[in-house]
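Count along the sequence shown starting at 1, add 207, and that's the number in this note's numbering.
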Amino acid sequence: MPSSLITPVIICGGSGTRLWPLSRESQPKQFIPLGGETSTFQQVLARVADPGIFAPPIVVTNTEFRFTVADQLQRSGVKADIILEPIGRDSGPAIAVAAEFAGRRDREAILLVLAADHIVHDTEAFRRSCQQALAAAAQGHLVTFGLHPSGPATSYGYIRPGAKLEDSAVHAVAAFVEKPDHETATRYVAEGYLWNCGNFLFRADRMLEELAQFEPQMLAAAQASVDDIAHDLDFLRLPEKAFLQAPKKSIDYAVMERTAHAAVLPVNFGWSDIGSWNALWKELAHDKDGNTTDGPTALIDTHN
208 MPSSLITPVI
218 ICGGSGTRLW
228 PLSRESQPKQ
238 FIPLGGETST
248 FQQVLARVAD
258 PGIFAPPIVV
268 TNTEFRFTVA
278 DQLQRSGVKA
288 DIILEPIGRD
298 SGPAIAVAAE
308 FAGRRDREAI
318 LLVLAADHIV
328 HDTEAFRRSC
338 QQALAAAAQG
348 HLVTFGLHPS
358 GPATSYGYIR
368 PGAKLEDSAV
378 HAVAAFVEKP
388 DHETATRYVA
398 EGYLWNCGNF
408 LFRADRMLEE
418 LAQFEPQMLA
428 AAQASVDDIA
438 HDLDFLRLPE
448 KAFLQAPKKS
458 IDYAVMERTA
468 HAAVLPVNFG
478 WSDIGSWNAL
488 WKELAHDKDG
498 NTTDGPTALI
508 DTHN
């Protein structure tokens, strides 16, 4: 197994408006406690805090969240490179910049892309999964983590795993498929498809090579942005003019669904993207009537 430490790349740019008014554009869900005493961003930081596995993280966030990010990093006792986007361009440009930034230090750096607003219940299983996927990533595969479905969800994309890679628990990806209807989701679960949770592990140079092939404009914008990155206190500001040249596109559409190097590791580590009020309700403790509360509450004839 490669000895390289894994560099987490934590994407903090989402607005979390599906949980309005709890989560708002000015204070999105990744920065507020959901299902715990700390924010989901802080929970991610704790998840990648093992120095035997992980290097200090790179955090990519919007300019307006910079002080919240810095404060929660300090509260967590974590030092990180904080890269500021002048405006959100979806996950593709954010990951392209992170790969270019990390790649200038070490072309073969292993990067682990994580969303700041996801919950994982089994941290040890998560870390074991990262270590299991490390060899495949070091060999040049773009590894995604595929959750064994707990039911026929229609709110997630699915992955059809192909043949196993040699001497590995990782599979080639046979297909990525869009969010299905209930009947199709039921069939996917029966046929062994996996949920696509949007976590990725790859070598920086491999991602940059795939961007050069499929999204040269996005790569050029990332390179120009890192060329002119500005140090501002504890932050690294991307230049607006260069960064806005990047097409607004997710990394799934930009690279993962087009590359010949996509691979998937089937995992079970208790994951949720808390993408709806119903998903949040499932994460919280309930009383005998199915109610969940936070703070002083009076419930009268209330049940779920």
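By construction, the Cβ of each residue, glycine as well, lies at the ideal position given by its N, Cα and C atoms.
Owing to the predicted nature of the structure, the values given are computational and were not obtained by experimental measurement.
*Measure how close the beta-carbons of Arg312 and Ile260 come, nearest whole angstrom, since I'm counting them as under 8 Å.*
Not really, about 18 Å apart at Cβ, beyond 8 Å.
*Between the Cα of Leu319 and the Cα atoms of Ile302, Leu415 and Leu241, which residue gives the shortest distance?*
Ile302
*Round the Cβ separation of Val327 and Gly477 to the nearest angstrom and send it over; I've been treating them as touching at under 8 Å.*
6 Å
*Can at least three beta-carbon pairs, one atom from the stretch 344-351 and one from the stretch 409-422, be found at a separation below 8 Å?*
yes
*Limits of the unbroken beta strand (DSSP E) element including Glu292*: Asp288 to Glu292
*asked:* Does the contact criterion of 3 or more C-beta pairs under 8 Å hold for the stretch 422-430 versus the stretch 363-379?
replied: Touching, no, given that fewer than three Cβ pairs across the two stretches are closer than 8 Å.
*Going by other Cβ atoms of all chains shown within 10 Å of its Cβ, with 16 needed for buried, is Gln249 buried or exposed?*
Buried, by the Cβ-count rule.
*Among Arg273, Leu241 and Tyr460, which has the Cα closest to the Cα of Val384?*
Selected option, being the one with the closest Cα: Tyr460.
*asked:* Alpha carbons only, please: which of Ala449, Arg410 and Ile458 is nearest the one belonging to Asp297?
replied: Ile458
*Where Trp488 and Ala332 are concerned, what is the direct C-alpha to C-alpha distance, given to the nearest angstrom?*
Per-residue confidence for Trp488 stands at a pLDDT of 47, beneath the threshold of 50, marking its modelled position as unreliable; no derived number is given.
*Reference Pro300, options Val471, Ala370 and Phe450, closest by Cα*: Phe450
*Could you tell me how far apart the beta carbons of Ile289 and Val266 are, in whole angstroms, since I believe they sit closer than 8 Å?*
5 Å
*Expressed to the nearest angstrom, what Euclidean distance is found between the alpha-carbon atoms of Leu354 and His325?*
13 Å
*asked:* I believe Leu291 touches Ile213 by the beta-carbon criterion, under 8 Å. Please report the beta-carbon distance rounded to the nearest angstrom.
replied: About 23 Å separates the beta carbons of Leu291 and Ile213, which is beyond the 8 Å limit, so they are not a contact pair.
*What is the DSSP secondary structure of Thr214, counted as helix, strand or coil?*
strand
*Start and end of the alpha helix (DSSP H) containing Phe272?*
That residue, Phe272, is in no alpha helix (DSSP H); it is neither H nor E in DSSP.
*Residue nearest to Ala470 in terms of C-alpha spacing, selected from Ala381, Ala360, His438 and Ser246*: Ala381
*Report the three-state DSSP secondary structure of Gly358 (helix, strand or coil).*
Coil at Gly358, not helix or strand.
*For the alpha helix (DSSP H) containing Phe407, list its first residue and its last residue.*
Counting along the chain, Phe407 falls outside any alpha helix (DSSP H), though it belongs to the beta strand (DSSP E) covering Leu401 to Arg410.
*In the DSSP assignment, find the unbroken beta strand (DSSP E) run with Gly460 in it and report its ends.*
Sequence check: residue 460 is Tyr here, not Gly. Element bounds for Tyr460: n/a, residue is neither H nor E.
*Can the beta-carbon of Arg282 be found closer than 8 Å to that of Thr330?*
no
*Where does His438 sit, in a helix, a strand or coil, going by DSSP?*
strand
*Quick one: give me the first and last residue of the beta strand (DSSP E) that Gly395 is part of.*
Just to set this straight, residue 395 is Tyr in the shown sequence, not Gly. Note, Tyr395: premise wrong, no beta strand (DSSP E); alpha helix (DSSP H) at His389 to Ala397.
*Put Ser432 into one of helix, strand or coil per three-state DSSP.*
helix
*Is it buried or exposed for His389, if we count other Cβ within 10 angstroms and need 16 for buried?*
exposed
*Is Ile366 helix, strand or coil when you go by DSSP?*
strand
*Which residue comes first and which comes last in the alpha helix (DSSP H) that contains Leu252?*
Thr247 to Arg254
*Euclidean distance between Cα positions of Gln430 and Gln339*: 31 Å
*If you draw a straight line from the C-alpha of Pro263 to the C-alpha of Leu443, how long is it?*
In this structure, the CA atom of Pro263 is about 15 Å from the CA atom of Leu443.
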